[in-house]
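K.L.:
Here you go, one structure.
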Amino acid sequence: MKLSLDRRGLTEVRTDALIVGRRHGESRLSQALAALDGKLGGLLAKVMTAEKFEGKPGQLTQLHTDGKLPAARVLVVGLGSDKGDAEAVRRAASLGARRARELGAKNAAAHFPADGLSPRARAQATAEGAVLGTYRFDKYLKEKNGKVLESFSVVEPERRSQAPAQEGVRTGEIWAAATCLARDLVNEPANVVNPSFLAGRAEEIAGAGRLGLKVLDREDCEKLGMGAYVGVAQGSLEPPKFIHLTYKPRRPRKRVVVIGKGITFDSGGLDLKPADGMYRMKDDMSGAATVLGLFSALPKLKLPVEVHGLIAATENMPSGTAQRPGDIVRAMNGLTIEIGNTDAEGRLTLADALVYADKEIEPDEMVDLATLTGAIVIALGLGLTGAFITDDGLANRLLGAAESAGEKMWRMPFHEEYKDGIKSDVADLNNISSQRGGGAIVAALFMRDFAGGRPWAHLDIAGTAFSERELPLGPKGATGVGVRTLLAYLHGLAGRR
Ligand code: BES
Ligand code: ZN
Ligand code: ZN
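The numbering used here applies: residue 11 is where the sequence shown begins, and numbers increase by one.
Encoded structure:
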C-alpha cells in the first residue's frame, strides 16, 4: 500500500473512500464533518442520527456521496471519548481502511480531529492503523481475495501541521512495515523458516541497511562454550545459526542489546509435546522475527543508539542425537544446567545469548523477547505481554514505550522464593522447577543468572505473538508484537518522541 500526505481540504479530497473520525459524546459536528455535511445537504448528520452513530470505538457509518463531493464515499468512524489516545486512532484507521477495501475501494484517505495528539503522532497512528489493519498473509493461496487497497493518504489541510504530519506518515510507514516483516516471518511455516533461513534474512537486511552481521555456526558456538544453546540444537538435522546484527551510529548515546527467541520449531524434544500443543509451534521464533523487523527499520530511522540484535536460532527436535532429560550442559558463563525437561528449551538458548551479550557486547541495557512459557498465558491471558525487568528506570521507559505503541504489557515479579525450585542435586541449576505453578516467573529467575547483573528486561510474548482470532490491528495469525514497542523505546533513548 502506498502512503502519502494529502494537503487538501476535506471537501476537495478525491478518493474512493474518505474516512473521518468522530469522538464519542460530542453534541455538535466537528468543523470537518460539518463542511462535508454542508456539501451533502445535511444527509450525513441525518444518516448518523438514523444509524445511532455515537462515536464509540468500533462504530462505523458509511454514506455514498452521489457526486456531491469529490470523494465517492464518506466513512465516519468512532474514536471513543479519551483525548490523545493514539491507539483509538490506529484502530479507527484500521477499521476504516478495512471497510474501504471491502467496498472495493482502490484508495482511501483519512482525517482525524486534532484532540490531544500532536499532528505528527496523529499522522503516524493513522498510517500504522491502515497498514497493520489491512495486512494479509495469502502467498500460499491460489484463490486470493482480489480486493486490494492500493493507496492511502493522511489528510492534513492545516498548513503548519503539514511538515510534522509528513514526518508522522513516514515514521508510521516504517514502523508498520517492520511489524509486517515480523508477521510474515512468523506466519511462514517451519519447513521454510529454519535457522539457515533466518540467517539468510538477516544477511539481506544487513546488506540493504549496511548493518554489521556475524553468523556463528555450531563449531563457533561450541568454542565459545555455549553448551546450553548447542545442547538444544543437537537433536535437529537443521544446523543452528547464532545471528548477531549490529546497528552502529557515529556517536551513540547508549548501547542496547535486543535478543529474540529463535526456535524455528518447538516439538518439545524428547519430552515431546502433545499434538494440540505442538501444532502452532512454528511461532516459537516470534522474538527472532521481532528483532529482524526492528533491524529492517533501524537504518531508515538513524537513531543515535547502538543496537545489537541476537538470535540463537535452532529447532527443538527429538531424535537419536537429541538431548536427554537428565543431561547436564555447561553454559557460556560456566554455570552447569541439568535438563529437567527438554521442552523448556527457550531459556537454555536465551541463557547463552544473554551471556554472549554481557561478555562480548557489554551493553547498558538488554531486552529479550520470547514465546517462553504457556504459564504466562495462564497468568495474563492472550492480551498482555509479561514483562520481567530488573531495573526500574528501564521498566519505566519500556512500559511507557509499550503504552504509546498500544502494545499492552504487565510488569511481573522476580519472586525470590521460587529460586529454590530450580535447584538441582547434580548441577548449578535445573531448567524446570520442582514446585508447581508460577512457570513464567521461574523461567525469568532461571535466566537472570545469565544476565550478568546488567539492567535487563525479559518480555514473555507467548500470549501475544500470535492470535487465533482477528484483532483490531491485524488478521488471525502473527501479530509482530514488540517491534513498535522497541522502536518507541529506542526513540525514547535517543531523546526523540
Ligand atoms: N515454546 C514453549 C512455550 C509456549 C507455549 C509458547 C504456548 C507459545 C504458546 C516453550 O518452549 C515451552 O514448551 N515451555 C514449557 C515449559 C515447561 C516444560 C517448564 C511450557 O510452558 O509448558
Ligand atoms: Zn518448549
Ligand atoms: Zn519453545
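No residue lacks a Cβ here, since even glycine has one placed at the ideal position from N, Cα and C.
#1: Nearest-angstrom Cα distance between F456 and D402?
#2: How many Å lie between D378 and H468 at the Cα?
#3: Would you call the CB atoms of F147 and G487 closer than 8 Å?
#4: Closest to L392 by CA distance: which of E316, A475 and T274 is it?
#5: I need the residues with a C-beta less than 5 Å from some heavy atom of ligand 1; please give them in chain order.
#6: Does ligand 2 have a heavy atom nearer than 7 Å to the CB of N326?
#7: For a quick check, are the C-beta atoms of D320 and A354 less than 8 Å apart?
#8: Quick one: which unbroken beta strand (DSSP E) runs of 3-plus residues sit fully inside the region 451-484? Chain order, please.
#9: Once the 5 residues before and after A1 are set aside, which same chain residues still bring their CB inside 7 Å of it?
#10: Taking 7 Å as the cut-off, does the CB of G9 come closer than this to any heavy atom belonging to ligand 2?
#11: In three-state terms, what does DSSP make of N155?
#12: Would the region 329-344 and the region 205-215 be scored as touching if the rule is three or more Cβ pairs under 8 Å?
#13: Which residues does DSSP list as the beta-bridge partners of V87?
#14: Once DSSP output is grouped into helix, strand and coil, what is the label at G505?
#15: Hey, S171 and P123: beta-carbon distance below 8 Å or not?
#16: Once the 5 residues before and after T395 are set aside, which same chain residues still bring their CB inside 6 Å of it?
#17: Can you find the residues in the same chain that come closer than 6 Å, C-beta to C-beta, to Q235, ignoring five residues on each side of it along the sequence?
#18: Just checking my contact of E316 with P262 at CB under 8 Å: how many whole Å lie between their CB atoms?
#19: Quick one: residues in its chain with C-beta nearer than 7 Å to the C-beta of A389, no 5 flanking neighbours on either side, listed in chain order?
#20: Looking at the unbroken beta strand (DSSP E) that takes in F147, where does it start and where does it end?
#21: With a threshold of 16 other CB atoms inside 10 Å of the CB of S444, please say whether the residue is buried or exposed.
#22: Looking only at C-alpha atoms, which of G156, G356, K66 and D95 sits nearest to D276?
#23: May I ask whether a heavy atom of ligand 5 can be found less than 7 Å away from the beta carbon of G278?
#24: Whole-angstrom Cβ separation of P199 and R265, contact assumed at under 8 Å?
#25: Using a Cβ-based criterion (distance less than 7 Å to any ligand heavy atom), does I273 qualify as near ligand 3?
#26: Mind checking whether L294 and T352 have CB atoms under 8 Å apart?
#27: Please report the distance separating the alpha-carbon of V387 from that of F252.
#28: Figure out for me which residue from L404, S477, N406 and T383 has the closest Cα to the Cα of G447.
#29: Write down the C-beta distance between R83 and L70 rounded to the nearest angstrom, noting that I regard them as a contact closer than 8 Å.
#30: What does DSSP give as the partner residue(s) for R340 in the beta ladder?
#31: So, is K152 buried or exposed, given that buried needs 16 or more other C-beta atoms within 10 angstroms?
#32: Return helix, strand or coil for M422, following the three-state DSSP convention.
#33: Is it buried or exposed, S246, if we count other Cβ atoms within 10 angstroms and call 16 or more buried?
#34: Can you check which of these residues, T346, L282, I29 and K283, is closest to R111 by C-alpha distance?
P.N.:
The structure says:
#1: The count along the sequence shown starts at 1 and reaches residue 456 at position 446. The count along the sequence shown starts at 1 and reaches residue 402 at position 392. Cα-Cα distance, rounded: 20 Å.
#2: Along the sequence shown, one-based indexing puts residue 378 at 368. Along the sequence shown, one-based indexing puts residue 468 at 458. Take the alpha-carbon of D378 and the one of H468: they are about 5 Å apart.
#3: By 1-based counting over the sequence shown, the position of residue 147 is 137. By 1-based counting over the sequence shown, the position of residue 487 is 477. Taking a C-beta distance under 8 Å as the contact criterion, F147 and G487 qualify as a contact pair.
#4: Your numbering for residue 392 matches position 382 in the sequence shown. The shortest C-alpha separation from L392 is found at A475.
#5: The answer, residue by residue, is D276, D294, N351, D353, A354, G356, T381, T383, G384, I442 and A472.
#6: Residue numbering aside, residue 326 sits at position 316 when the sequence shown is read from its first letter. Remark: the C-beta of N326 is in contact range of ligand 2, defined as less than 7 Å to any heavy atom.
#7: Against the sequence shown, residue 320 aligns to sequence position 310. Against the sequence shown, residue 354 aligns to sequence position 344. Here residue 320 turns out to be Leu, not Asp, going by the sequence shown. Inclusion of L320 and A354 in the CB contact set at 8 Å is not warranted, their separation being larger than that value.
#8: Listed in chain order, the complete beta strand (DSSP E) runs (minimum 3 residues) inside the region 451-484 are 466-470.
#9: Given that the chain is displayed from residue 11 to residue 507, the structure contains no residue 1 and the question cannot be resolved.
#10: Residue 9 is absent from the model: the chain starts at 11 and stops at 507.
#11: Position 145 of the sequence shown holds residue 155. Looking at N155 - three-state DSSP - the assignment turns out to be coil, as it is neither helix nor strand.
#12: Not touching, per the Cβ criterion.
#13: Numbered from its first residue, the sequence shown carries residue 87 at position 77. According to DSSP, V87 bridges with G31 and L70.
#14: Within the sequence shown, numbered from 1, the residue matching residue 505 stands at position 495. Coil at G505, not helix or strand.
#15: Along the sequence shown, read from residue 1 onward, the residue named residue 171 stands at position 161. Along the sequence shown, read from residue 1 onward, the residue named residue 123 stands at position 113. No, Cβ-Cβ distance for S171 and P123 is not below 8 Å.
#16: For the purposes of this step, residue 395 is taken as the residue at position 385 of the sequence shown. Correct list, in chain order: M419, L469, I471 and T474.
#17: In the sequence shown, residue 235 corresponds to position 225, counting from 1. What sits at residue 235 in the sequence shown is Gly, not Gln. Excluding residues within five positions, the ones whose Cβ falls inside 6 Å are M342.
#18: On the sequence shown, position 306 is the one that residue 316 refers to. On the sequence shown, position 252 is the one that residue 262 refers to. In this structure, E316 and P262 form a Cβ contact; the two beta carbons are roughly 4 Å apart against a cut-off of 8 Å.
#19: Taking the first residue of the sequence shown as position 1, residue 389 is located at position 379. Excluding residues within five positions, the ones whose Cβ falls inside 7 Å are G396 and A450.
#20: Counted from its first residue, the sequence shown places residue 147 at position 137. Counting along the chain, F147 falls outside any beta strand (DSSP E), and DSSP gives it neither H nor E.
#21: The residue labelled residue 444 in the question sits at position 434 within the sequence shown. By the 16-neighbour rule on beta-carbons within 10 angstroms, S444 is exposed.
#22: Here residue 276 refers to the residue found at position 266 when the sequence shown is read from its first residue. Checking every option, the nearest Cα to that of D276 belongs to G356.
#23: The ligand content of the structure shown is limited to ligand 1, ligand 2 and ligand 3, which means ligand 5 is not among them.
#24: Counted from its first residue, the sequence shown places residue 199 at position 189. Counted from its first residue, the sequence shown places residue 265 at position 255. Incorrect: roughly 36 Å between the Cβ atoms, too far for contact.
#25: Position 263 of the sequence shown, counted from the start, is the residue given in the question as residue 273. For I273, the distance from the CB to the nearest heavy atom of ligand 3 is below 7 Å.
#26: The sequence position of residue 294 within the sequence shown is 284, counting from 1. The sequence position of residue 352 within the sequence shown is 342, counting from 1. Sequence inspection shows Asp at residue 294; the Leu mentioned does not correspond to that position. Taking the C-beta atoms as reference points, T352 is found no nearer than 8 Å to D294.
#27: Along the sequence shown, one-based indexing puts residue 387 at 377. Along the sequence shown, one-based indexing puts residue 252 at 242. Those two C-alpha atoms are separated by around 28 Å.
#28: For the purposes of this step, residue 447 is identified with residue 437 of the sequence shown, where counting begins at 1. For G447, the nearest C-alpha among the options comes from T383.
#29: Along the sequence shown, one-based indexing puts residue 83 at 73. Along the sequence shown, one-based indexing puts residue 70 at 60. Contact between R83 and L70 does not hold, since their C-beta atoms are separated by about 11 Å, which reaches or exceeds 8 Å.
#30: In the sequence shown, counting from the first residue as 1, residue 340 sits at position 330. DSSP lists T346 as the bridge partner or partners of R340.
#31: To locate residue 152, count along the sequence shown from 1; it is residue 142. Note on K152: under 16 other CB atoms within 10 angstroms of its CB, so exposed under the neighbour-count rule.
#32: For the purposes of this step, residue 422 is taken as the residue at position 412 of the sequence shown. Here M422 sits in coil by DSSP.
#33: Locating residue 246 in the sequence shown gives position 236, where the first residue counts as 1. Its Cβ being crowded by 16 or more others within 10 Å, S246 is buried.
#34: For this step, residue 111 is matched to residue 101 along the sequence shown. Comparing alpha carbon positions, the residue from T346, L282, I29 and K283 closest to R111 is I29.
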